[in-house]
Every structure is written in C-alpha cells, then in structure tokens.
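Worksheet: the structure to be examined is printed underneath.
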Amino acid sequence: MQGEPSADQTYAVREYLRTRAWWRGVQRTADEYGVSRSTLWRFLWTEHVSPKLLAAVTAEVGASTSELRRAAERLRSLNGAVETNRPRPRLTSADKQSVELLCHTPLATVDEMAAFIRLPANTLRERLARLAGKGLADSRPLRLQLLGARPQRRFFPTREGIVALAGGEGAGTERLMRLYPISRQWFRVLGERLDAVAALYRVASIIAALDASDAPVVVTH
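For the sequence shown, counting from 1, position 100 maps to 433 in our numbering; every step adds exactly one.
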C-alpha cells in the first residue's frame, strides 16, 4: 500500500478480516497473515493499526474500499452456505449475560455498557470479541467527524445471538423482539437519534470548555 491508509481503507480491511476470522478461525487467520493472535485481535477490536495486516490484505484483495467490501461479501456468502450445517453455539453464563446486555442497550459503546453494568471495559471488550467470534454480536463505528478521528464502535446482537439467547426459533425469539429494541426498525430509529444526541453533547462540551464563567450548559432535546 502506497502512503498512509485512509480511515475508510483501514475500516474496510478490519471488516474483511473480521469476516475471514469468523469463517476460518482467529488463529488460522493470524497464521495465514504471519502475525500473532494478539496482533490480529488488537487490530480487529481496538484502535491499534497493523501496517503488516493492512499491506497483506490490500496486496491480496485490492486497495480500494469497494474491492475490500466485495471480498468481505464473498466470504459472507461462503460462510452462509456453511452456516446451515453448523450446530448452534452454546452460551456460557458470561455469553448469556453479554448478549442480554446487548439486547438491553443495542448500539451502545463498550464504555457505556461497562458503566451500565459496572464491569471493567477491557473485560467487556474481551467478552464482546468472543461473541463476535461466535457470530453472536457485531458492531459498527460511530462515524461522526465531530466526535474525533477515532470514533468508538457501537455493538449489537446478531440474529444468531438473539436466537441463541431465546433458545431457538419460535415463541422465545418473538418474545425477545417485543421486550427489547432489537428489531431492524428500532435499530434505524436508534441510530438516527444517537447520531444527533452525540453531536449535541459534543457541541455542549466544546461550549463548556470555552466558557470562562464555568456556567453549566443545558441541552434541551
């Protein structure tokens, strides 16, 4: 890769490798690209950037974000064909607690969820990475430029995670969909509102920092 990768390229490589790690396994993916499991994990789930992984993936797939996205979609298609014969993952007690948390607070960041359940952020981040590896959770970046160059990620349960928590398809899944804001419509509404709220709070924090009188800033939604 020539020059510094853009934020979009880094994100696209990260999403491609997440898909590949879920399909091939974390250790096997790390071995294929000649990095340690720890390096791969940090690249996938933290803001750590690995030039070696970026160079290897773009050399293999292509440097444009569209090529990287298409490659990830092809892997998802292959993975979907395998999924029909894959046994449903069993939830440990920690997995169950984490999926329930995602159902309670979809599209929240790690720090927000950690404060909600009083759990260290690093512990929760490891749990979410494990869920993502099992296909039970996923995330998207909070991509507002106003929030800085390194936006946090929003996490949510996947369909597989919801089904596993409910104990299978049927009435249990329907009950979860009624109890928690985890439907596609709810996700769209929450996403739009969270973007707006994040921008408002960021502006309020800038105003508060510049106000010499230290007067409280009040935001009316």
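The beta carbon of each residue, even a glycine, is placed where N, CA and C say it ideally should be.
These figures come from a predicted structure and were not determined experimentally.
Open item on the list: Please report the distance separating the alpha-carbon of LEU509 from that of GLU337.
Closed with: 44 Å
Open item on the list: Am I right that MET446 and LEU457 are in contact with their C-beta atoms under 8 Å? What's the rounded C-beta distance?
Closed with: 6 Å
Open item on the list: Just to confirm the assignment, what range does the alpha helix (DSSP H) spanning ARG463 have?
Closed with: 454-466
Task: Exposed unless 16 or more other CB atoms sit within 10 angstroms - verdict on THR425 - done: exposed
Open item on the list: On the CB-based measure, 16 or more other CB atoms within 10 Å of its CB, does LEU401 come out buried or exposed?
Closed with: buried
- [ ] With DSSP as the reference, please indicate the residues paired to ALA441 in a beta bridge.
- [x] PHE488
Task: Alpha-carbon to alpha-carbon, PHE449 and TYR349 - done: 31 Å
TODO: Compute the Euclidean distance between the alpha carbons of ALA392 and PRO474, then round it to the nearest angstrom.
DONE: 25 Å
Open item on the list: Spatial neighbours of ASP444 within its chain, please: C-beta separation below 6 Å, excluding the five flanking residues on both sides.
Closed with: ALA454
- [ ] Could you work out which residue in THR352, GLU493, LEU523, LEU498 is closest to ARG407 when comparing CA atoms only?
- [x] THR352
Open item on the list: I'd like to know whether the C-beta of THR352 is nearer than 7 Å to at least one C-beta of chain B.
Closed with: Looking for chain B here will not work: only one protein chain is present.
Task: ARG526 (DSSP reduced to helix, strand or coil) - done: helix
Open item on the list: Whole angstroms are fine: how far does the CA of TYR513 sit from the CA of LYS385?
Closed with: 41 Å
Task: Local conformation of PRO384 per DSSP, three classes - done: helix
Open item on the list: Can you look up ALA470 in the DSSP assignment and give me helix, strand or coil?
Closed with: strand
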